[in-house]
Structure formats: C-alpha cells, structure tokens
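Residue numbers (the working numbering), protein chains in the order written: chain A, 4 to 70; chain B, 9 to 591.
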Amino acid sequence: MPISEQSSVSLRCPVCLAREIDVVLYREGDEYYCVKCGYTGDESSTRAAYEPIRAKFKWILRRITQA
Amino acid sequence: MFLNILHRPTPAHYPFFQMQQDWAHALGLKVSVMATYPSMQDPRIVADLNEYAAKHGDELGIYFTELDCPAFREKTGLHMDAVWLYAADEKRRVFDLVLREFRKCFGRDPVSVAGYHLDSVSLTLLRELCPSIEIAVAGCFEEGVRVFHGCNNSWYLFNEGMPWNPWYPSKDNTLRPAARDDDALGIVAVPHLSRDMALSYEGRNDYWASHPGNAMRGLGYKDGQCPYTFNLVDQYLAQEEHNDGFSYYNVFVGPGWLNHNMNIDDPPEVAQRLHREQYEYFAELRSQGRLTDMTLSEFATWYRRHRPIGQSEVYLASDILYGSRKQYLWHLDPDMRVLLDMTQGGSIGDLRPYIARLSGFTGSDSPSLQIGSYPYLIHSQHRTGVANHAFDGARTTLEVAHGDEVLDLCSCRTRVAQLEHDEDGCVVRLTPTRLSFQDGLTASIETSCRFARRGRIFISRRLVEVSSPHVSLGLREYVKACYGYTEYPEDMRGIVLAVSGEDEQELTYDYRSRTICADGATSVAAVIPQINTELRLSSLDGPADSGRALEGHLFSPFFTLVMEKELGAGESMQTCLSVSKVP
C-alpha cells in the first residue's frame, strides 16, 4: 500500500525526484523503498536526501525584488 | 497587472476550499468559483456557493475537469475526468448534463468555464449549448512530455505550444491564437495558472507556476520559506514594461493541495501558510495600485475592450530559482511563437508556426487522440538542440569560420541588451559575443532579431570588431529543424528541401544524408507538407556566398538550412527566417 494511504505525510523517492519524477515510497517497518528504482532508506535519511535536490536552487531563499 | 483568483469546491477537500475562500474574502480579493459536477450534488455546497455569490460577489462558473461521482456515472455511463479526451458525442452529453445541473443549482447560465484543457470541439459545443459563456480557462502552458514523464507516464495532457497569457482562441484549434475575427471562437481564453517561463521550458510546468503547492512539490522551498512564489509574481509584473503596460496572472489551486498531499513531503500547514501569503502579497500590490483583481468575466470584458485580436506579446524570462542568470525571450503573435535562448548565444530554442493555421482537437474521435500540442519546428529540449551526446538537433545558431576552425555561438552566453516592442512585433538586441580562435584571433559579434507579423524573424549579425582588422571570417547562419509534437521523431519523408541562387536545386527527404547547394544563394527552404508549413532562410543584403540544405538520416532525423557569407570587421549579414503556410 502506498504511504499516502497509510499516514498523513508521505515521502517521495529522492532518486526519482532528482529526475523530476514523483514516486511515492512504499514502507515496510522503518524502511521506505521505491518501486521504480533501487532506493531504500528510513525517514530521516530520505529527508536528508532531499537536501542535495534543494541545493541546486541557489536562490531558493532569495527574494529577488521587493515591492 | 490583472489578477484572476479561481477556486474549485472539490467535495473531498471541502474545508480547504472554504479556507481559500475565507482568505480571499478577508483580503477583499475577487474570486471566481468554478463549481464541479460532484460539488453540485451536495446541497450544502450549493447553498454555500449561492451565499458566497450573494455576499461577496463571487462569480460562479463550471470546472469541467473533476466530473466523476456516482451521479455522473449513473447519468452518463462515463467516468473519465478528462473532458477534452471524450468523443464529440460524449462531450455533448457531459456538457449538457453539467450545464443543466448548474442552471438547477444556481438559477442562471454560467459566464465562465474552466478545465485543464478545453479543445476546439469542447468550446464550440459549450458556446452552442450556453451562449452566455464569455471566458474559459482553456489550457496548461507547456504541459506535455515533461509532466507525462514526471507523473510516471500516467498524465495524458499534451498542451505544448500554446500562449502563456490570455488569448483569443481559434475556432479550429484552441491552443492557437486567432488571426482574425472570422478565425476566432468568440470567447477569451486564459491559461490554467501562470507558469514559470524559464523552467516550464526546461522542465515540468507543474512544479513551477503560480501555485505554492506546486513549488513545494518541486522542492523549491526551504525551512518553510518560498520566496520563489513572490519572485514569480514580480517577474510577471515586470512584463508590463515590454507589453504596453499589460500583464496578467492567475491562480487556480485545487483545495487538495492544502490538505495532506502525496506530492508534498511536509505537513499541510506549510502549504496553507504559503498559499495565504501569496494572497496577502496580491492585496499588498493592489493597495500600491500595481494590481487589479477581477472576476473572470470582468477580465474578459476588459480584455475585449483593450486587447484587439492580432496583438503580439513578449515575455522576458529570467531564471529566478537556480541563480544561473539564464534568460529566455518569448515572442507570440497569431503567426508564430518563438523562444530565444540567451544562454546559447540567442539561438532559437522553440518555434511554432501558427501561420499554418493548423486545426486540431483532442478525443477518441481525433486523429491525434490525446496529443493536443501545436507542432514545433524547433524544440531544443525535446529534440537535442546543441550537440551534447551524438549529433546536434533542432536549433539555430551562427557558425563562425576562421581557417579550419569553426566556432558556434551556441557555446557563448549572451544577455538581452535592449528590447523594444511595438504593434508589429519586437526588436531585441543582444550583448556582443566574444569569440577566441586557437591562433589568438579574437572577434566580437552583435546579434539583433526583429519578430514581425507574417511569421518573419529578421536576424542581423554584425561583426563589431576583429583583432586583426584585415582578416575576414566566414559567417554561417544555421537552422536545423524538423517537426514534432512530443520528444519522439515524426516521419520526415516527403519534406522538400530547396536552394535558390545561381542555380536551383531540390530534394525530397528520404533519410539519405544528401546535400544540395548553390553559390550566390538567395534562399534555402524546407516545405513540410505534414504540417502545411514552409520554413525559409533568405538573404536580405544581396546573395550570400553560398547556401546549403542538408538532409538528415534516421540517427539524426532533421534537415539543416545554411547561408554563408564572408565578412570583415564592421560588416553585417542580414537574413530572414520565415514560416509560412503551404497548401
């Protein structure tokens, strides 16, 4: 069963997400796994794996113009 | 800038719709509520919508994408939400049912309707069944291949090649802006969300748009902060400078994005706050006199009065997320849509020949089935562009030859130095690109383009300076193109390539890597009967030294048009790349 149906907050595969593909992870115990690629990880390592994706957005916290 | 805020009362997420409504009303922002058929089955929701209309002046219209519910299945025998993909007889049944339900619930005919896509058959039927309709949310700018991939190849919405701003849809193809009154469907269309004009070209349009939940989906936020949302609003505001004071923005976020959402990896409170902050920013801009909020039909009235059919528009897009300083310039008129890529020396990265006036609709009775996209001649993302792995693909560039060495302007970054827009189109001048050859020779070339009606792109290349004043360089205006709808090649057989100059030659495309050429060339051209389009590169300042047309092969399914001229310092080369309709 996809995580989206099991709990209120789901997690997506960070490997697929880095390729701009949304794949909701499945879960077995503490382990999350991807059905589209070989990714596995627990919640904290999965969330940590999102950070390199964000890191490519150098202006992610930059307000470019002010009204 | 004009703003339309749209909400839709999805029953499964109804409290979040109410949340959106409350935020907008508290700020005094005008709202257009697009009722779904399932929502019309719930008397409580119908009563609420009537009250919203009476108390706050909300405009009530219909959303034709969320259809499926027990009543819909029972009354139509159908269950697909994607109304644009039904056959015409099914579309008629759906529209008839939903319009009757709307009249029953709200006691009037709608003036506005919405969907992810409303194709020409859909809008023609809707106009017939409900002549009061003045405006439609009719397409998702550049939604297609990238979203299909991103949604695990499960999202069958192909809307590439359409306008990014409001437009008058053609009665033959809603994604094409009407050329004249008799070509127009008779309503105003607006896009479904305002998209990021850089990242929608490079990637997924559904990550990067006027939709904070979508930006969260793309991970374009951090620590609960998403300045991207405000930066995008500001970039649309800035387009007023280039479009006679006109700019437009709309927000149409389904309430499911404010609930637990499988594509958002944080609690819904973050999405809710970011959404509300966007509305607060709109209210702030309005208080500064920089934004006017309207209902959809109010905007349609304004648009008809002030934006005649046939006007051109430009959008100067800059990357606002990666920090790359990338720039793209979009031009659109009823004859073509063009994208210039300043990171590749001002090459054309996307070209759509609206002038071919191609018809098109979607549905199980359409020859193109799900593919609604207007075809491209050039798409440097889908179809290779500059050489990266094997051969190069669809793109334009200038090659500069010195001895045996050839430099490619696609490898030089440039910027927009000047942009002027008038009734006939726009003129853009780029910052000069500096070239360095291996023997130490340097040169500087300035590029200007003028986009004009009748599908004409006038290209000027001026050799500003050469480090050895007496050395001349070979300039080759280079156009590599094809035609296509997605990222996969179409059948090129039957395309006719021709060169005109001291002699005339032509060949019919058969994937055999042949070349035809002429000295003293005046033009090189390709006639693409599959899309009734001719692409022509003409010399404007007398015959070029030579012209060539190259056939591709199955591992490089493109054709190439080249005009070459020898130039010295201070001299320039003037060409015109044009698209036209052929029978």
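Think of the CB as a built atom: it goes at the ideal place given N, C-alpha and C, for glycine as much as any other residue.
With DSSP run on the structure shown, which of helix, strand or coil describes residue i?
| i | result |
| --- | --- |
| P537 of chain B | helix |
| E59 of chain B | helix |
| D416 of chain B | strand |
| R462 of chain B | coil |
| V408 of chain B | strand |
| E559 of chain B | strand |
| N258 of chain B | strand |
| L107 of chain B | helix |
| F166 of chain B | strand |
| A187 of chain B | coil |
| D252 of chain B | coil |
| F10 of chain B | strand |
| H15 of chain B | strand |
| M350 of chain B | helix |
| P177 of chain B | strand |
| S547 of chain B | strand |
| D242 of chain B | helix |
| A79 of chain B | helix |
| T309 of chain B | helix |
| R333 of chain B | coil |
| F149 of chain B | coil |
| I24 of chain A | coil |
Could you compute how far the alpha carbon of residue i sits from the alpha carbon of residue j?
| i | j | result |
| --- | --- | --- |
| Y176 of chain B | T43 of chain A | 49 Å |
| S388 of chain B | R423 of chain B | 19 Å |
| E74 of chain B | A43 of chain B | 9 Å |
| E151 of chain B | L377 of chain B | 16 Å |
| T404 of chain B | G357 of chain B | 8 Å |
| F80 of chain B | V91 of chain B | 12 Å |
| E559 of chain B | R520 of chain B | 7 Å |
| K230 of chain B | W31 of chain B | 23 Å |
| A451 of chain B | L438 of chain B | 15 Å |
| P342 of chain B | V532 of chain B | 24 Å |
| L548 of chain B | F25 of chain B | 58 Å |
| V479 of chain B | G555 of chain B | 22 Å |
| Y257 of chain B | V196 of chain B | 15 Å |
| L515 of chain B | L64 of chain A | 55 Å |
| G264 of chain B | A364 of chain B | 40 Å |
| H157 of chain B | P139 of chain B | 38 Å |
| H314 of chain B | R135 of chain B | 23 Å |
| W62 of chain A | S332 of chain B | 9 Å |
| E288 of chain B | A55 of chain B | 27 Å |
| E498 of chain B | R360 of chain B | 16 Å |
| G401 of chain B | V472 of chain B | 29 Å |
| G368 of chain B | Y382 of chain B | 8 Å |
| Q446 of chain B | K573 of chain B | 21 Å |
| F290 of chain B | L329 of chain B | 21 Å |
| L569 of chain B | F60 of chain A | 38 Å |
| A187 of chain B | A122 of chain B | 23 Å |
| S546 of chain B | F10 of chain B | 40 Å |
| L348 of chain B | Q426 of chain B | 14 Å |
| Y496 of chain B | V153 of chain B | 10 Å |
| G85 of chain B | V155 of chain B | 29 Å |
Using alpha carbons as the reference points, say which of the options lies closest to residue i.
| i | options | result |
| --- | --- | --- |
| G169 of chain B | B:D373, B:L366, B:V435 | B:L366 |
| K63 of chain B | B:Q49, B:V39, B:S47 | B:V39 |
| P276 of chain B | B:M270, B:E285, B:L266 | B:L266 |
| H561 of chain B | B:F149, B:Y256, B:F399, B:G550 | B:F399 |
| I13 of chain B | B:T300, B:L183, B:R52 | B:T300 |
| L337 of chain B | B:Y330, B:S355, B:Y362 | B:S355 |
| E46 of chain A | A:I67, A:E34, A:L64, A:R57 | A:E34 |
| L201 of chain B | B:G228, B:S162, B:A223, B:C148 | B:C148 |
| E109 of chain B | B:L68, B:D97, B:A395 | B:L68 |
| G576 of chain B | B:T237, B:N540, B:S476 | B:S476 |
| D527 of chain B | B:P551, B:L543, B:L545, B:R544 | B:P551 |
| G262 of chain B | B:A96, B:V155, B:Y22, B:A460 | B:Y22 |
| M344 of chain B | B:E428, B:R458, B:C159, B:I141 | B:R458 |
| I70 of chain B | B:Q280, B:L131, B:P375 | B:L131 |
| Q247 of chain B | B:P220, B:R298, B:Y209, B:W216 | B:R298 |
What residues of chain D sit near residue i, judged by a beta carbon separation below 9 Å?
| i | result |
| --- | --- |
| K334 of chain B | Among the protein chains in the structure shown, which are A and B, there is no chain D. |
Please find out if some non-hydrogen atom of the ligand NAP comes closer than 7 Å to the beta-carbon of residue i.
| i | result |
| --- | --- |
| C418 of chain B | Here there are no bound small molecules, and the ligand NAP is not part of this structure. |
Are there three or more Cβ pairs, one per stretch, closer than 8 Å when the segment 396 to 416 of chain B is compared with the segment 482 to 501 of chain B?
yes
When the Cβ atoms of the segment 460 to 468 of chain B are set against those of the segment 573 to 590 of chain B, are three or more pairs found closer than 8 Å?
yes
Is the number of C-beta pairs between the segment 320 to 332 of chain B and the segment 199 to 218 of chain B that are closer than 8 Å three or more?
Enough Cβ pairs lie closer than 8 Å, so yes.
Mind pulling the beta strand (DSSP E) runs of 3 or more residues that sit fully within the segment 448 to 515 of chain B?
450 to 460, 464 to 474, 481 to 489, 504 to 508
Are the segment 533 to 540 of chain B and the segment 498 to 506 of chain B touching, with three or more C-beta to C-beta distances below 8 Å?
Between the segment 533 to 540 of chain B and the segment 498 to 506 of chain B there are three or more inter-stretch CB-CB distances shorter than 8 Å, so the stretches are counted as touching.
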